[in-house]
Amino acid sequence: MYVEGNTLFAMPVDLRRLAAAGPAARVIDGVKSDDSRGGAQFAVSGLGTLAYLPGRNSFDPRPVAWMERSGAMTVLRTTPAQWSNPEFSPDGAVPSGRWCVPRREPAPMGVA
Numbered sequence: 345m346y347v348e349g350n351t352l353f354a355m356p357v358d359l360r361r362l363a364a365a366g367p368a369a370r371v372i373d374g375v376k377s378d379d380s381r382g383g384a385q386f387a388v389s390g391l392g393t394l395a396y397l398p399g400r401n402s403f404d405p406r407p408v409a410w411m412e413r414s415g416a417m418t419v420l421r422t423t424p425a426q427w428s429n430p431e432f433s434p435d436g437a438v439p440s441g442r443w444c445v446p447r448r449e450p451a452p453m454g455v456a
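In terms of this note's numbering, the sequence shown opens at residue 345 and continues consecutively.
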């Protein structure tokens, strides 16, 4: 099982080859997750019972804007991304930070 965005997927795995053994299937939407830490709030018991915390990704992609003291707002980047750690240049004129543009393809799968 893995989460992409806010959606939990299940996929059969060939444990000998450590490779996918079939296509992924959507299990449930609306699982609380945090892409910045690579975690999601779900667990599966040994009997197959699924427990999860409903919610959204803590860092859902969004545009970034600059707000003046007057309240005037200017969008700096319209392409949604996961923004974190905002900083400014030493003179305070240039904002910067880290961002991650959402993936369009599935992330690599790990087996524990």
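Where a beta carbon is used, it is the ideal one built from N, C-alpha and C, also for glycine.
As the structure is a computational prediction, the values presented were derived from the model and not from experiment.
For residue i and residue j, I'd like the C-alpha separation in whole angstroms.
i, j, result
"Leu394", "Val371", "10 Å"
"Asp373", "Gly366", "21 Å"
"Gly382", "Pro434", "31 Å"
"Trp410", "Thr423", "15 Å"
"Val408", "Leu420", "6 Å"
"Leu391", "Leu359", "20 Å"
Assign residue i to buried or exposed, taking buried as 16 or more other Cβ atoms, counted over all protein chains shown, within 10 Å of its Cβ.
i, result
"Leu352", "buried"
"Ser414", "exposed"
"Glu348", "buried"
Looking only at its chain, what residues have a beta carbon closer than 6 Å to the beta carbon of residue i, apart from the 5 residues adjacent to it on each side?
i, result
"Pro452", "Bear in mind that a pLDDT of 42 at Pro452, under 50, signals an unreliable position, so the model cannot answer this."
"Gly399", "Lys376"
"Ala354", "Met345, Ala369 and Val371"
"Thr418", "Trp410"
Quick one: measure Cβ to Cβ for residue i and residue j, integer angstroms, because I've assumed they're closer than 8 Å.
i, j, result
"Asn350", "Val388", "No, Asn350 and Val388 are not in contact; Cβ-Cβ is about 18 Å, not under 8 Å."
"Ala364", "Val357", "6 Å"
So, for residue i: in the same chain, excluding its five sequence neighbours on each side, which residues have a beta-carbon less than 8 Å away from its beta-carbon?
i, result
"Phe386", "Met345, Val347, Leu352, Val375, Leu394, Ala395, Tyr396 and Leu397"
"Ala416", "none"
Original post:
Quick one: complete alpha helix (DSSP H) runs, 4+ long, within the region 359-397?
Top reply: none
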